[in-house]
Amino acid sequence: MREQTISDAFPPQLPGDNSYMFQAVYFAIMLPLVVYAIVEVMFSELRLRLSKLVANRMGSIQLWVKVVRTLLERLAAGDSVVVAVAVTFRTACSKRPTLPRLRLSPLELPEILFVVAPYIGLHGGRSICSSLRVCKTWHRSFIHLIWRDLELQGTQTPYRYILAKRGLIQSLVLRGNVPIRYAQLEYPHLSRLEVKANFGLIITELIHRHRKSLRHIRLRGMPHANDSHPFWSVLANLPRLQNLDMTNMVIMDNRKCLDLDVAFSTPWMELTLQNLSIYGHRPTAHLERTWHPNPPMLQKVVLRSILIKRLFADELASRLLRCSNLQSLEWDVTITDARHYCPLVPTEVDGNDQRALLWPCLTRLQLSVPNLADDKISAILMSLQRGLTELGLQLTAFGQLATNALIARHAQTLRDIDLEGCPTLTEAMEADIVTACPHLTAIRYDPDLLELHRAMMV
Numbered sequence: 012m013r014e015q016t017i018s019d020a021f022p023p024q025l026p027g028d029n030s031y032m033f034q035a036v037y038f039a040i041m042l043p044l045v046v047y048a049i050v051e052v053m054f055s056e057l058r059l060r061l062s063k064l065v066a067n068r069m070g071s072i073q074l075w076v077k078v079v080r081t082l083l084e085r086l087a088a089g090d091s092v093v094v095a096v097a098v099t100f101r102t103a104c105s106k107r108p109t110l111p112r113l114r115l116s117p118l119e120l121p122e123i124l125f126v127v128a129p130y131i132g133l134h135g136g137r138s139i140c141s142s143l144r145v146c147k148t149w150h151r152s153f154i155h156l157i158w159r160d161l162e163l164q165g166t167q168t169p170y171r172y173i174l175a176k177r178g179l180i181q182s183l184v185l186r187g188n189v190p191i192r193y194a195q196l197e198y199p200h201l202s203r204l205e206v207k208a209n210f211g212l213i214i215t216e217l218i219h220r221h222r223k224s225l226r227h228i229r230l231r232g233m234p235h236a237n238d239s240h241p242f243w244s245v246l247a248n249l250p251r252l253q254n255l256d257m258t259n260m261v262i263m264d265n266r267k268c269l270d271l272d273v274a275f276s277t278p279w280m281e282l283t284l285q286n287l288s289i290y291g292h293r294p295t296a297h298l299e300r301t302w303h304p305n306p307p308m309l310q311k312v313v314l315r316s317i318l319i320k321r322l323f324a325d326e327l328a329s330r331l332l333r334c335s336n337l338q339s340l341e342w343d344v345t346i347t348d349a350r351h352y353c354p355l356v357p358t359e360v361d362g363n364d365q366r367a368l369l370w371p372c373l374t375r376l377q378l379s380v381p382n383l384a385d386d387k388i389s390a391i392l393m394s395l396q397r398g399l400t401e402l403g404l405q406l407t408a409f410g411q412l413a414t415n416a417l418i419a420r421h422a423q424t425l426r427d428i429d430l431e432g433c434p435t436l437t438e439a440m441e442a443d444i445v446t447a448c449p450h451l452t453a454i455r456y457d458p459d460l461l462e463l464h465r466a467m468m469v
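Just so you know, the numbering used here puts 390 at position 379 of the sequence shown, and the rest follows in order with no gaps.
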């Protein structure tokens, strides 16, 4: 019997036979489908493995991020934050040195660095130095933070280092007698400046050069007499300034120096004045001509330990009344020629309240006016918009009228109230406030004064 050959499988095509053509078309159609099916099976298996790997990696990363975030939130404030994080990492890595299927330590994860970074440097340079010793990745990622906040005192920091690293400086503190050449440098990213000494034209020029980047200024001294007017002129042209904090300064208020106008007519968001003396002899008519036409953007004003005359207290109050965006106000002003006087008390003309519904955005009010009358406190509380959450009336004559106004106007929003040093407060008033304010979380008063009041009633 003859053995079958390859040629027998494909018999010769007779004239007019189209079977070969059909076979070619069949193979041309089926071959790509078979290849596609094989590739699809291979890639589906690969996708399954990759998805498991990614899920495993992401789960591990999320676990580490959660652990680190919880640790940082629970740790007490101090330089031990970064050290404790590093110790936790080292302990965990010794038990589980790498993530699954990845030769990567949790210390080097970008997600971990992103969570830890905001906590580094909050408590001074020691915490930054501790973080740099954790590992090489941390050292490489956080080395620039050493120069982010710089405090200069004399020549402790060599000039050549500051000249080389000035592009990294974002916060600058000048203390004592700092050489002039330090203040004459250009700091491209400077956003915060603090001066802890009396200053002259050099600091004024420093502020002027960085007027486009400065957001926060804190001054613990006062400008020299000859430099006062240029200083306030520079402050009036800081487009990005959000917070101005001045302590132990003297504000002039006369025709030659419009300091008080500058302080309350620029688009700042926060203004803090502490331990100031305001004096001068400018009439109110001149004040109206120099007042800024648009309402100031101030959101927070702190006036603490201010010595002022009644004339300028009224002008100060008129400026505050124009701050329609005000959210927080602390008034601790001593009027030298009018004790127990508060210009914030609404006035009535022909029976109409001329200061009704003050400051629609105000949520925090602190008034420190010794022995301020009960009816005046009531008038202030009734003139405020609903929505006051924090109230402080220390040393005032807070009584029944103020209690009724507080309950009628702010009971639904009040969370914190401070009535320490109020001699006319009674237990019944305190009970009424606690009962009427459902969201109240803190109330402060002097129990000794309540005991004394109870004894006097008996």
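Glycine is no exception: its CB is placed at the ideal position from the N, C-alpha and C atoms.
At what residues does the beta strand (DSSP E) containing residue i begin and finish?
| i | result |
| --- | --- |
| residue 415 | Residue 415 -> not in any beta strand (DSSP E); alpha helix (DSSP H) instead, spanning 411 to 421. |
| residue 317 | 311 to 319 |
| residue 345 | 339 to 346 |
| residue 177 | Residue 177 -> no beta strand (DSSP E), and no H or E assigned at all. |
Which residues bound the alpha helix (DSSP H) around residue i?
| i | result |
| --- | --- |
| residue 441 | 438 to 447 |
| residue 219 | 212 to 220 |
| residue 393 | 385 to 394 |
| residue 191 | 191 to 194 |
| residue 229 | Where residue 229 is concerned, there is no enclosing alpha helix (DSSP H), although the beta strand (DSSP E) it sits in stretches over 227 to 230. |
| residue 147 | 147 to 153 |
Around the C-beta of residue i, are 16 or more other C-beta atoms found within 10 angstroms, so that it is buried, or is it exposed?
| i | result |
| --- | --- |
| residue 334 | buried |
| residue 187 | exposed |
| residue 421 | buried |
| residue 214 | buried |
| residue 453 | exposed |
| residue 44 | exposed |
| residue 423 | exposed |
| residue 221 | buried |
| residue 354 | buried |
| residue 228 | buried |
| residue 458 | exposed |
| residue 372 | exposed |
| residue 42 | exposed |
| residue 251 | exposed |
| residue 410 | buried |
| residue 165 | exposed |
| residue 193 | buried |
| residue 405 | buried |
| residue 223 | exposed |
| residue 330 | buried |
| residue 147 | exposed |
| residue 389 | buried |
| residue 407 | buried |
Name the DSSP beta bridge partners of residue i, please?
| i | result |
| --- | --- |
| residue 41 | None, per the DSSP bridge assignment. |
| residue 403 | 377, 429 |
| residue 207 | 186 |
| residue 327 | Answer is none; residue 327 lacks a bridge partner. |
| residue 167 | DSSP, once it has assigned bridges, lists no residue as partnering residue 167. |
| residue 454 | 428 |
| residue 197 | According to DSSP, which records beta bridges pairwise, residue 197 is partnered with nothing at all. |
| residue 459 | According to DSSP, which records beta bridges pairwise, residue 459 is partnered with nothing at all. |
| residue 369 | 395 |
| residue 332 | According to DSSP, residue 332 bridges with nothing at all. |
| residue 161 | 183 |
* **Touching by the beta-carbon criterion (3+ pairs, under 8 Å), the stretch 439 to 449 and the stretch 382 to 399** => no
* **Inter-stretch contact (C-beta, 8 Å, three-pair minimum) for the stretch 380 to 387 and the stretch 416 to 427** => no
* contact_flag[the stretch 178 to 193, the stretch 154 to 170] where n(CB pairs < 8 Å) is 3 or more -> yes
* Asked: Between the stretch 170 to 182 and the stretch 191 to 199, do at least 3 Cβ pairs fall closer than 8 Å?
  -> yes
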